[in-house]
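What follows is one structure encoded as structure tokens, with my remarks underneath.
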Amino acid sequence: MKHLYLFYIALSLLLIPLSVNAEVVRSIEFPVNGPNNFFSDFGAPRGGGTRKHLGNDIIAAKMTPVVSAVNGTVNFIISPEAAWGYEISIVDSEGYQYLYFHLNNDTPGTDDGKGGEMNAYASGLDRGQSVTRGQLLGWVGDSGNAENTVSHLHFEIHDPNRQAIDPYPSLIASTGVYRSSNAKLGITPDMRLQLERVVDGRPNDIFKTMLELGSSGEEVRQLQIVLKVLGLLQKENITGYFGPLTREAVIAFQKRQMIDPVGIVGPATREALNRGISSGVLLEYKSFYSEQEQRAILIQKLLAQIKILQDRIKAQTGIR
Ligand SMILES: [Zn+2]
């Protein structure tokens with residue numbers, strides 16, 4: 062039996078590079094529950110070519126229900142509205158993450174930007190809570206940096222290694238009444254252009270200036286929103302004014318990121334914030350799960366990867 066064991070190892074090593082580029086199809090419920098349209102736009106240039114589009118945009122009317130693609134756990138909810146809008150993240154038991162952006166920020170029937178969280182998210186959702194496939198999460202909108210474009214859901218899937226994968230194959234293979242080519246909403250060439258020119262899931266240039274004790278304004282407010290999502294600041298402390306509590310939270314953030322904990326948002330901290338937000342990794346589960354939970358998740362991820370590898374070996378060799 063020893064030679065078979067070695068054969069498995071050799072085969073595994075050969076297959077690892079293949080798995081990086083393999084198309085991943087997740088079993089999902091179509092996340093928009095109403096007339097919609099979408100095309101493959103993962104990897105398209107955004108932000109004037111400074112970044113790539115890490116998701117798939119699904120165009121739909123404002124207030125169209127957004128439902129959970131999978132059974133999972135609420136990973137985080139962005140509140141109040143960040144520069145990239147209202148966003149919710151769900152993680153499944155295999156460590157795949159599903160992200161829903163630009164949820165509605167308007168009073169229904171208007172474009173006033175004053176809808177608040179009650180018109181963005183379904184009531185009662187909180188981090189750590191379980192959700193089931195098809196459960197209402199919120200409503201399509203144009204919040205954040207989608208404000209001046211057509212309303213749509215920017216949908217991302219991240220694999221257990223926190224890499225964004227192309228959601229298009231999963232969307233095409235999804236279940237649900239409004240999936241794929243069913244109940245299509247017309248897309249005008251102008252809508253397409255609007256998406257290409259204006260929108261991104263997350264910008265990479267929110268933080269531009271030095272922020273320190275006494276600073277104030279929108280950048281400070283965005284900083285406080287991020288610190289709040291990371292569990293380092295309370296919601297009532299999101300004031301747009303950089304006071305002692307914000308400084309304390311910045312120091313905690315810097316320690317976590319292994320940056321010199323000086324309590325000032327300088328170039329290194331700015332870079333960590335911008336890059337982390339743009340790639341989507343900053344706000345993920347690492348930020349609020351305990352060490353023990355993180356270990357459990359890691360083991361789950363490894364088991365899932367081993368299973369994928371085993372299935373592949375079975376499929377290619379017929380060995381069971
Ligand atoms: Zn998008």
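Just so you know, we're using this note's numbering here: the sequence shown kicks off at 62 and counts up by one.
Cβ coordinates follow ideal geometry from the N, Cα and C atoms, glycine included.
For residue j and residue i, the rounded distance between their alpha carbons
i    : j    : result
Y159 : T168 : 26 Å
A313 : G304 : 15 Å
N136 : I380 : 38 Å
V131 : L274 : 43 Å
Q366 : S231 : 18 Å
P322 : K316 : 6 Å
P228 : N117 : 6 Å
Q371 : L363 : 12 Å
F216 : G109 : 20 Å
K113 : G199 : 26 Å
L197 : K269 : 36 Å
T378 : S340 : 37 Å
A143 : G104 : 23 Å
P250 : R308 : 47 Å
R356 : Q295 : 27 Å
E279 : R331 : 15 Å
R107 : Q224 : 18 Å
P141 : A376 : 47 Å
D102 : Q285 : 31 Å
T300 : Q255 : 32 Å
G174 : L359 : 39 Å
S348 : D172 : Low local confidence applies: a pLDDT of 44 at S348 is under 50, so the model's placement there is unreliable, with the coordinate-based value given in what follows. Looking at the two C-alpha atoms, the distance is approximately 33 Å.
For residue i, the three-state DSSP class (helix, strand or coil)
i    : result
G278 : coil
Q361 : helix
R240 : coil
D118 : strand
I369 : helix
I380 : coil
T307 : helix
I151 : strand
S235 : coil
L291 : coil
L197 : strand
A225 : strand
E332 : helix
F349 : For F349, the predicted structure reports a pLDDT of 47, less than 50, and the residue's modelled location is therefore unreliable. A value from the coordinates is still provided. Coil at F349, not helix or strand.
L284 : helix
A105 : coil
N180 : helix
A144 : coil
K269 : coil
G156 : coil
K113 : strand
P250 : helix
L186 : coil
I218 : strand
F314 : helix
S191 : strand
N298 : helix
P230 : helix
I338 : helix
G202 : strand
Under 8 Å between C-beta atoms of residue i and residue j
i    : j    : result
T125 : N97  : yes
L214 : P92  : yes
Y182 : N94  : no
N206 : W145 : yes
G189 : T134 : yes
N334 : V287 : At residue 334 the sequence reads Leu, which differs from the Asn that was named. In this structure, V287 lies closer than 8 Å to L334 by Cβ.
I151 : R263 : no
I267 : R87  : no
N222 : R336 : no
M271 : G327 : yes
Chain-order list of residues whose beta-carbon lies under 6 Å from that of residue i (same chain, five-residue window excluded)
i    : result
Y302 : S277
I325 : E273
E148 : I139, F162
A329 : I320
N298 : L306
N180 : N165
A178 : This sequence places Glu at residue 178; Ala is not what is there. Closer than 6 Å at Cβ, skipping near neighbours: S140.
Beta-carbon proximity list for residue i, same chain, < 7 Å, skipping 5 on both sides
i    : result
L293 : A310, A313, F314
Q361 : S154, E155, G156
F99  : N117, D118, I119, I120, L232
V386 : No statement about residue 386 is possible, as the shown extent of the chain runs from 62 to 381 and does not include it.
D220 : V85, Y157, I226
I89  : A130, V131, S231, S235
M252 : I120, V211
Q283 : A143, A144, I267
V127 : P92, V93, Y161, L164, L198, G199, W200, V201, L214
Closer than 8 Å to chain D by CB, residue i
i    : result
A122 : Absent from the structure is chain D; it holds one protein chain and no more.
8 Å CB neighbourhood of residue i in its chain, flanking five on each side removed
i    : result
T193 : S129, N132
K123 : N165, D167, P169, W200, V201, G202, D203, S212
T111 : N265, D266
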